[in-house]
Amino acid sequence: MWTPCGRADGNANSPRQSQFALDDLIDIPTDFSLYSTALKKFSQGMERPMYRNFRIVPNIIFGRGSFNQLDDVLKDRRVTADSWMVFVVDDVFTGKPLEGRFPLRGRDLLLWVNVDDEPKTRYIDELVARIRAYSPTAPAGIAGIGGGSAMDIAKAVSLMLNNPGSSADYQGWDLIKNPAVYHVAVPTLAGTGAEISRTTILTGPEKKLGINSDYTLYDQILLDPELLAGVPKNQWFYTGMDCYIHDVESLNGTFINEFSKAYGEKSRDLCREVFLDDSPAKDDKLMMASYFGGMSIAYSQVGACHALSYGLSYVLGIHHGVGCCIAFDQLEEIYPEGVQEFRQMMEKHDIPLPRNLTKDLDSASMEKMVTTALNLVPLWENCLGPDWANIMTRERAMELYKKM
Ligand SMILES: NC(=O)c1ccc[n+]([C@@H]2O[C@H](COP(=O)([O-])OP(=O)(O)OC[C@H]3O[C@@H](n4cnc5c(N)ncnc54)[C@H](O)[C@@H]3O)[C@@H](O)[C@H]2O)c1
Ligand SMILES: [Fe+2]
């Protein structure tokens, strides 16, 4: 089993990296040309397979009401009388019952974060400065509580507390030098897989790109399905579909292998139970689907939908979950069964999809969207194989965008 997600170059500082203005939802190789060469050599039988050695989150608690154990988890890290924690929490919970349950002790800092816009490097730098100003000593841990955005903010803050400069300096692959401050995630929205991924996706002054590193991974995750209770229905659906689409793209991709298949199939089955069967345990199932979907793409890759959603996000600022839904709805030719099932799910839950988003866009913006999407070479190779560029031409990508 060879995974083209494994970096072929091994050089995260490659100057060519800066040519690509990419958001990274997934772990994309840094140098696409080297990557493509490696892929070709492999397909021609010229090179031995390279297997990716990837780290996963080492500690997991799962269960209804397990949020109450956060205090115990953090207690183990409060090794001195001065030890203090930072709670990085989505401000949607201000004044909500959950606020009263944060296990704050002593000098702990509660840092509300706003996720109306998806996380920016400038915002991360501001939060890090606030934490540093709060205390001359580093916190013993960070607890990130919220959806994909808040979890990504907490990841980035914990990295930047131990690494100098701006978070923008570390957008890329394995640029982080020092391990992060201990960090724990508590998802309150399920689907992105951010709780188990090795990236934190940030928009910087020059590019939208993740900080990808083994240090980015959470040290601990606490999955409490009860926390999904108050999610607005459309958001629940869009973020849940992010997971379903991870599964469809992984399972139907050319990079598929038994590792990714095992996780992807289970995740897709769970999504069906959640979105088609209305399982009474749907929150529990969606939380596990998100985790399994993330594990599936960690050893394969996403595909056409994520590539196209990328253009929508980069040019129009459309949020990840809904952007994936908008793009997926136009991909019946590529993922016929997946798209049909997705529409069934959408209909069952009466979910609206924003339409005509590109109607008034000028041609430069349209071209930028196409370029952004087509730059995501590994996603297209996974989706359509090595000959992808002859199949997904600029014209075809443009036609797809015009329908969105
Ligand atoms: N790191 C990764 O591997 C990875 C993967 C995919 C996406 N992402 C990132 O995740 C983000 C998208 O995350 P998301 O789809 O989970 O949405 P989100 O975190 O952006 O949240 C969406 C909305 O839901 C609200 N919300 C969250 N939990 C809630 C709850 N329990 N009750 C009520 N409202 C709640 C938030 O306040 C926000 O308004 C994007 O920034 C994307 O780039 C990261
Ligand atoms: Fe995604």
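Numbering follows the numbering used here, in which position 188 of the sequence shown is assigned residue number 192; successive positions increment by one, without gaps.
Glycine residues also receive a C-beta, built at the ideal position from the N, C-alpha and C atoms.
DSSP three-state label for Ile200, please.
Taken through DSSP and simplified to helix, strand or coil, Ile200 comes out as coil.
Between Thr375 and Lys406, how many whole angstroms is the CB-CB distance? I'm expecting something under 8 Å.
The Cβ separation is near 15 Å, so there is no contact.
Looking only at its chain, what residues have a beta carbon closer than 7 Å to the beta carbon of Arg299, apart from the 5 residues adjacent to it on each side?
The sequence shown places Met at residue 299, rather than the Arg named in the question. Here Met299 has Ile200 and Tyr267 as same chain residues with Cβ atoms under 7 Å from its own Cβ, once five neighbours each way along the sequence are excluded.
For Ile149, name the three-state secondary structure that DSSP assigns.
If DSSP states are grouped into helix, strand and coil, Ile149 belongs with the strands.
Quick one: is the Cβ of Thr196 within less than 7 Å of any heavy atom of ligand 2?
Answer for Thr196: yes, Cβ within range of ligand 2.
How should Pro191 be labelled, buried or exposed, when 16 other C-beta atoms within 10 angstroms of its C-beta is the threshold for buried?
Classification for Pro191: buried.
Inter-residue Cα distance where the pair is Gly208 and Glu122:
Separation of Gly208 and Glu122 (C-alpha to C-alpha, rounded to the nearest whole angstrom) is 11 Å.
Alpha carbon to alpha carbon, how far is Ala401 from Val90? Give it in angstroms, no decimals.
One C-alpha to the other measures close to 44 Å.
When DSSP labels each residue in this structure, what does Ile301 get in the three-state scheme?
Here Ile301 sits in helix by DSSP.
Using three-state DSSP, classify Glu54 as helix, strand or coil.
Residue identity check: residue 54 is Met in the sequence provided, not Glu. Residue state, collapsed to three classes: coil.
Return yes when the C-beta of Cys387 is under 7 Å from any heavy atom of ligand 2, and no when it is not.
No - ligand 2 has no heavy atom lying nearer than 7 Å to the Cβ of Cys387.
Can you list, in chain order, the residues of its chain whose CB lies under 7 Å from that of Phe4, leaving out five sequence neighbours each side?
Since the first residue of the chain shown is 5 and the last is 408, residue 4 is not available in this structure.
Residues of its chain near Phe66, where Cβ-Cβ distance is below 6 Å and the 5 sequence neighbours each way are ignored:
Counting only Cβ-Cβ distances below 6 Å, and skipping sequence neighbours, we find Leu227.
Identify which residue in Phe106, Leu102 and Leu213 has its Cα closest to the Cα of Asp156.
Of the listed residues, the one whose Cα sits closest to Asp156 is Leu213.
According to DSSP, which residues form a beta bridge with Phe66?
Looking at the DSSP output, Phe66 shares a beta bridge with Leu227.
Does ligand 2 have a heavy atom nearer than 7 Å to the CB of His323?
Between ligand 2 and His323, a heavy atom-to-CB distance of less than 7 Å is absent.
Ser264 vs Val306 beta-carbon contact at 8 Å
The answer is no: Cβ separation not under 8 Å.
Please state the DSSP three-state secondary structure of Ala308.
Three-state result, Ala308: helix.
Give me the Cβ distance between Ala198 and Gly152, rounded to the nearest whole Å; I'm assuming they're in contact under 8 Å.
Yes, Ala198 and Gly152 are in contact; Cβ-Cβ is about 4 Å, under 8 Å.
Could you check whether the stretch 284-295 touches the stretch 320-334, counting it as contact only if at least three pairs of C-beta atoms, one from each stretch, sit closer than 8 Å?
Output reads no: the stretch 320-334 does not touch the stretch 284-295.
Grouping DSSP H, G and I as helix and E and B as strand, with all else coil, what is Phe259?
Per DSSP, reduced to three states, the secondary structure at Phe259 is coil, with no helix or strand assignment.
Rounded C-beta distance between Ser304 and Gly342? I'm assuming under 8 Å.
The Cβ separation is near 15 Å, so there is no contact.
Just how far apart, CA to CA, sit Cys387 and Asp333?
Going from the Cα of Cys387 to the Cα of Asp333 covers about 16 Å.
The beta strand (DSSP E) that contains Asp129, what's its start and end?
Taken as a continuous stretch (DSSP letters only), Asp129 belongs to no beta strand (DSSP E), being part of the alpha helix (DSSP H) at Thr125 to Tyr138.
Under the three-state DSSP convention, the category Ile205 falls into
In this structure, Ile205 counts as strand in the three-state DSSP scheme.
Beta carbon of His187: closer than 7 Å to some heavy atom of ligand 2?
Short note on His187: C-beta not closer than 7 Å to any heavy atom of ligand 2.
Looking at the strands, I want to know which residues DSSP matches up with Phe91.
Per the DSSP secondary-structure output, Phe91 pairs in a beta bridge with Leu114 and Ala147.
Strand pairing of Trp384, partner residues [DSSP]:
By DSSP's assignment, Trp384 forms no beta bridge with any residue.
For Gly327, report the span of its alpha helix (DSSP H) as first-last.
First-last of the alpha helix (DSSP H) with Gly327: His324 to Phe332.
Please classify Pro19 as buried or exposed, where buried requires at least 16 other C-beta atoms within 10 Å of its C-beta.
For Pro19, the predicted structure reports a pLDDT of 27, less than 50, and the residue's modelled location is therefore unreliable. A value from the coordinates is still provided. With fewer than 16 other Cβ atoms within 10 Å, it is exposed.
Using C-beta distances below 7 Å, list every residue in its chain close to Asp246, excluding the 5 sequence neighbours before and after it, in chain order.
Beyond the five residues adjoining it in sequence on each side, Asp246 comes within less than 7 Å, by CB distance, of Gly195, Thr196, His324, Gly325 and Cys328 in the same chain, given in chain order.
6 Å CB neighbourhood of Gly315 in its chain, flanking five on each side removed:
Apart from the 5 residues on each side of it in sequence, Gly315 sits with its Cβ closer than 6 Å to the Cβ of Met373, Thr376 and Ala377 in its chain, given in chain order.
Just curious, the alpha helix (DSSP H) that Ala416 is in, first and last residue?
Summary: the structure shown does not reach residue 416, with the chain confined to residues 5 through 408, and so no result is reported for it.
Report all residues from its chain with a CB closer than 7 Å to the CB of Asn167; omit the five preceding and five following residues, and keep chain order.
Shown here for Asn167: same chain residues with a beta carbon closer than 7 Å to its own, the five before and five after excluded, namely Tyr174, Ile180, Lys181 and Asn182 in chain order.
Straight-line Cα distance separating Val83 from Phe346:
If I take the Cα positions, the gap works out to 48 Å.
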